[in-house]
Every structure is written in structure tokens, then in C-alpha cells.
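Enquirer: Shown below is the structure under consideration.
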Amino acid sequence: IEERANRVVMREGGTHEDAISRIRERMDSDQKRYNNLYAISLEDMTPYNMIIETDTLNANEVADIVEKELNKRGV
9 IEERANRVVM REGGTHEDAI SRIRERMDSD QKRYNNLYAI SLEDMTPYNM IIETDTLNAN
69 EVADIVEKEL NKRGV
């Protein structure tokens with residue numbers, strides 16, 4: 009959540025504390041919506057087979073990682 013807050017502040021301005029508050033509100037809202045609509049938890053990572061830590065990566069670096077993994081899997 010810290011890195012998300014940093015990105016929000018850089019993109020939209022405001023304080024770090026306000027960004028964290030808005031992120032938490034959004035996460036709570038999203039969790040309730042997805043639970044009501046699909047009966048899933050956004051905190052459950054079991055459906056995912058790849059998690060990319062993007063704190064120190066830019067968009068192109070993330071895309072390269074995804075592309076390499078897809079090629080490795082023959083997709």
C-alpha cells in the first residue's frame with residue numbers, strides 16, 4: 009500500500025496520508041463489490057500463477073517479464 013500511495017501522490021498530488029486513506033477506502037469498496045457479485049476475496053492469491061513485484065520496475069520492464077513468461081509457456 010505504501011508504494012501505491014507514493015504513486016498516487018506523484019500522479020495526483022495530495023498528502024501520503026490522504027492517499028493511503030483513499031486507497032484503503034477503494035480496497036474496502038472493491039472487496040465488498042467483488043464478494044457480493046462473484047463471492048471472491050481479492051486477498052486470495054490462489055487463482056494466480058504469477059505475481060510480479062512492481063515496486064522497482066517500470067511498465068516496460070513488467071511487460072518484458074510477462075512476455076518472457078508467456079513465451080516460456082508457449083502462449
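For the sequence shown, position 75 matches number 83 in the numbering used here, and the numbering has no gaps at all. Even for Gly, the Cβ is constructed at its ideal location relative to N, Cα and C.
Going along the chain, which residues of its own chain have a beta-carbon closer than 7 Å to the beta-carbon of L50, five neighbours each way excluded?
Expert: Result list for L50: D38, Q39 and Y42, in chain order.
Enquirer: What does the Cβ neighbour count give for A47, buried or exposed, with the cut at 16 atoms within 10 Å?
Expert: The residue in question, A47, is exposed, as its Cβ has fewer than 16 Cβ neighbours within 10 Å.
Enquirer: Taking all protein chains shown into account, decide if A27 is buried (16 or more other Cβ within 10 angstroms of its Cβ) or exposed.
Expert: The residue in question, A27, is buried, as its Cβ has 16 or more Cβ neighbours within 10 Å.
Enquirer: Give the secondary structure of E75 by DSSP, where H, G and I count as helix, E and B as strand, and everything else as coil.
Expert: Helix.
Enquirer: Between the C-alpha atoms of V74 and G21, what's the straight-line distance to the nearest angstrom?
Expert: Whole-angstrom Cα-Cα distance: 30 Å.
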